[in-house]
Amino acid sequence: MYTQILLFILLLLSFISQQTYTQGCSDAGFCTLHSLTPQNNDPFEDNNNRFAVGISNGRADNSITVYSGYVEYGRIINAAIRSDVKLSFISLHGTRTGTSGLADIFLSSAYSFGEINTVTVGLKIPLDDGNTKINGLSLPMNYQSSLGTLDLLVGFGSKIEEIAITVALQQPLLQNRNQFSVDNYPIDSDFRKFTSTNNYKRKGDILLRFSYPISLDSKIILTPSILPIYHFANDSYTTTGGIDKIISGSKGTTVNMNFYLTYSLNSSDRLEISFGSPLYTRTVRPDGLTRSYVLTMEYQMLF
Numbered sequence: 039m040y041t042q043i044l045l046f047i048l049l050l051l052s053f054i055s056q057q058t059y060t061q062g063c064s065d066a067g068f069c070t071l072h073s074l075t076p077q078n079n080d081p082f083e084d085n086n087n088r089f090a091v092g093i094s095n096g097r098a099d100n101s102i103t104v105y106s107g108y109v110e111y112g113r114i115i116n117a118a119i120r121s122d123v124k125l126s127f128i129s130l131h132g133t134r135t136g137t138s139g140l141a142d143i144f145l146s147s148a149y150s151f152g153e154i155n156t157v158t159v160g161l162k163i164p165l166d167d168g169n170t171k172i173n174g175l176s177l178p179m180n181y182q183s184s185l186g187t188l189d190l191l192v193g194f195g196s197k198i199e200e201i202a203i204t205v206a207l208q209q210p211l212l213q214n215r216n217q218f219s220v221d222n223y224p225i226d227s228d229f230r231k232f233t234s235t236n237n238y239k240r241k242g243d244i245l246l247r248f249s250y251p252i253s254l255d256s257k258i259i260l261t262p263s264i265l266p267i268y269h270f271a272n273d274s275y276t277t278t279g280g281i282d283k284i285i286s287g288s289k290g291t292t293v294n295m296n297f298y299l300t301y302s303l304n305s306s307d308r309l310e311i312s313f314g315s316p317l318y319t320r321t322v323r324p325d326g327l328t329r330s331y332v333l334t335m336e337y338q339m340l341f
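Numbering of the sequence shown is given in the working numbering, commencing with residue 39 and proceeding in unit increments.
Shown next, in the form of C-alpha cells:
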C-alpha cells in the first residue's frame, strides 16, 4: 500500500511540475534554512553535531536548467541554543549561456523554549554581487549565482498537536550590484525576454509553513507541507535614462507545496528527498527565482 501511495504522489508531482512555475524558494534561502524546515527537531540525543550535504535540480523559465548544492553543519551549544552554518553553490544553463559559482553563506542560531517553540535569527551573506557579465554586459538575475543581497533572517516555529507551523521573514539589508538592462541588448536577443534589474531594489518576503509528518513505518516519514510566501512590495530598477521605475506585479503571494520523504538508515544517518512545486504564483518575479519544480536529495549524519 505504501508503494502505491508513493507512486501516486510522484505521478501527481510530475504532472504539476509540467504545468506550472513557482518562486524557487531554495534560492532565496529562508525556507530551506534547517531550523525553519519540518525536519528541525532532530533526534540528536547524545549527538551534538549534525552534518548534511545536498544536491538539487530545478527547471526555471526561459528554458534554464538549474543544479545546486550545499554543505551544512549544525551544533547544539546548550539545552536551548543551536547554531548552523550553510554554504551553497549553483549552476545555471540556458539556451544561450551558462553560469556557475558559489552562492551564499547562511549563519543562524535557534533558541528553543517551552518544549515546542523555536526562535531563529540569522544572516544570508552573498558570495557574489549579483552582477555576473558576459562580453561586458550584465546578465539578468535568472543567470546570477546569488541574489547578491545581504539579508536578515528571522523565524518562529511551533506546533499545534502534530501540525508544525513556521512563520519567517527574509529582509534585504544591502542590495546587489546588478546592472542588467534589456536596452543594452540587440532587439532580436533572447535576453530582451527578461525583466530589467539595473540598480535592482528587492523587497522582503514573509513565509508561513504548515507541515504534518506521516510515519509510513519505523524508518520512513512522509511530510507534506504547504508554503505561502508573500513579497511585501513591488521591486524597482533604474532605467538607462536614470529614472527609478517600479516593477508592477512583483508584489504578491506565491503558494508552494512541498513533500519531504525521510529514510533513517540507522540512529545517526538519514537520507531525505524533497520536492517543491507551485499552486499559485505572483505575476512578475524579476529576482530570477522562478522554478517549475525543485527536487532535492540530502544525506544527514549526526555525531
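Don't be surprised by glycine CBs; every beta carbon is placed ideally from N, CA and C.
Measure the C-alpha to C-alpha separation of residue i and residue j and round it to an integer number of angstroms.
{"i": "N169", "j": "D255", "result": "48 Å"}
{"i": "S330", "j": "T75", "result": "21 Å"}
{"i": "S249", "j": "S263", "result": "4 Å"}
{"i": "L165", "j": "G186", "result": "7 Å"}
{"i": "I203", "j": "L246", "result": "7 Å"}
{"i": "T291", "j": "Q208", "result": "14 Å"}
{"i": "F53", "j": "S312", "result": "Note that F53 scores 46 on pLDDT, short of 50, meaning its location in the model is unreliable and no value can be drawn from it."}
{"i": "F218", "j": "P178", "result": "5 Å"}
{"i": "S126", "j": "L140", "result": "6 Å"}
{"i": "L130", "j": "S183", "result": "8 Å"}
{"i": "L265", "j": "E310", "result": "19 Å"}
{"i": "S274", "j": "L340", "result": "44 Å"}
{"i": "Q61", "j": "L327", "result": "Since pLDDT at Q61 reaches only 48, below the 50 mark, its modelled position is unreliable, and the value read off the structure follows with that caveat. Cα to Cα, the separation comes out at about 5 Å."}
{"i": "I285", "j": "T321", "result": "10 Å"}
{"i": "K162", "j": "L188", "result": "6 Å"}
{"i": "H269", "j": "R240", "result": "9 Å"}
{"i": "T277", "j": "I267", "result": "28 Å"}
{"i": "Y223", "j": "D282", "result": "20 Å"}
What is the DSSP secondary structure of residue i, reduced to helix, strand or coil?
{"i": "L188", "result": "strand"}
{"i": "R322", "result": "Residue 322 is actually Val in this sequence, not Arg. V322 falls in the coil class under three-state DSSP."}
{"i": "D167", "result": "coil"}
{"i": "K289", "result": "coil"}
{"i": "Y223", "result": "coil"}
{"i": "F270", "result": "coil"}
{"i": "Y331", "result": "strand"}
{"i": "Y298", "result": "strand"}
{"i": "F313", "result": "strand"}
{"i": "N173", "result": "coil"}
{"i": "D255", "result": "coil"}
{"i": "R230", "result": "helix"}
{"i": "Y275", "result": "strand"}
{"i": "Y181", "result": "helix"}
{"i": "I281", "result": "coil"}
{"i": "S263", "result": "strand"}
{"i": "L303", "result": "coil"}
{"i": "Y250", "result": "coil"}
{"i": "F194", "result": "strand"}
{"i": "G67", "result": "coil"}
{"i": "G242", "result": "coil"}
{"i": "Q338", "result": "strand"}
{"i": "T235", "result": "coil"}
{"i": "R308", "result": "strand"}
{"i": "Q208", "result": "strand"}
Between the Cα of residue i and those of the options, spot the shortest distance and give me the residue it belongs to.
{"i": "S121", "options": "I128, S176, E110, S94", "result": "E110"}
{"i": "G96", "options": "M335, L340, M339", "result": "M335"}
{"i": "Y108", "options": "F68, R134, D142", "result": "D142"}
{"i": "T137", "options": "I119, T158, I172", "result": "I172"}
{"i": "V123", "options": "G139, L177, F89, I102", "result": "F89"}
{"i": "N216", "options": "L125, N85, T233, L145", "result": "T233"}
{"i": "T261", "options": "S253, D228, T158", "result": "S253"}
{"i": "L303", "options": "L125, I258, S227", "result": "I258"}
{"i": "N100", "options": "T278, I128, Y149, G132", "result": "G132"}
{"i": "S146", "options": "C69, Y301, N222, T278", "result": "C69"}
{"i": "E200", "options": "P251, S150, G174, S227", "result": "P251"}
{"i": "A206", "options": "G279, G314, V159", "result": "V159"}
{"i": "K289", "options": "T319, V192, L175, Y337", "result": "T319"}
{"i": "S315", "options": "A98, R230, G67", "result": "A98"}
{"i": "L317", "options": "Y149, T300, Y298, V293", "result": "V293"}
{"i": "V220", "options": "L211, K231, S305, N214", "result": "K231"}
{"i": "F194", "options": "L175, I244, P224", "result": "I244"}
{"i": "T300", "options": "Q338, N87, R323", "result": "Q338"}
Taking all protein chains shown into account, decide if residue i is buried (16 or more other Cβ within 10 angstroms of its Cβ) or exposed.
{"i": "Y181", "result": "buried"}
{"i": "I154", "result": "exposed"}
{"i": "L71", "result": "buried"}
{"i": "Y238", "result": "buried"}
{"i": "G92", "result": "buried"}
{"i": "F151", "result": "exposed"}
{"i": "G279", "result": "exposed"}
{"i": "S73", "result": "buried"}
{"i": "I102", "result": "buried"}
For residue i and chain D, any beta-carbon pair shorter than 8 Å?
{"i": "T261", "result": "Of the chains in the structure shown, none is chain D; there is only one protein chain."}
Is residue i near the ligand HEM, going by C-beta to nearest heavy atom under 7 Å?
{"i": "T328", "result": "This structure does not include the ligand HEM; it has no bound ligands of any sort."}
For the region 69-156, list the beta strand (DSSP E) runs that are entirely contained and at least 3 residues long, ordered along the chain. Residue ranges of uninterrupted beta strand (DSSP E) with 3 or more members, entirely inside the region 69-156 and ordered along the chain, are 87-98, 102-114, 119-131, 136-151.
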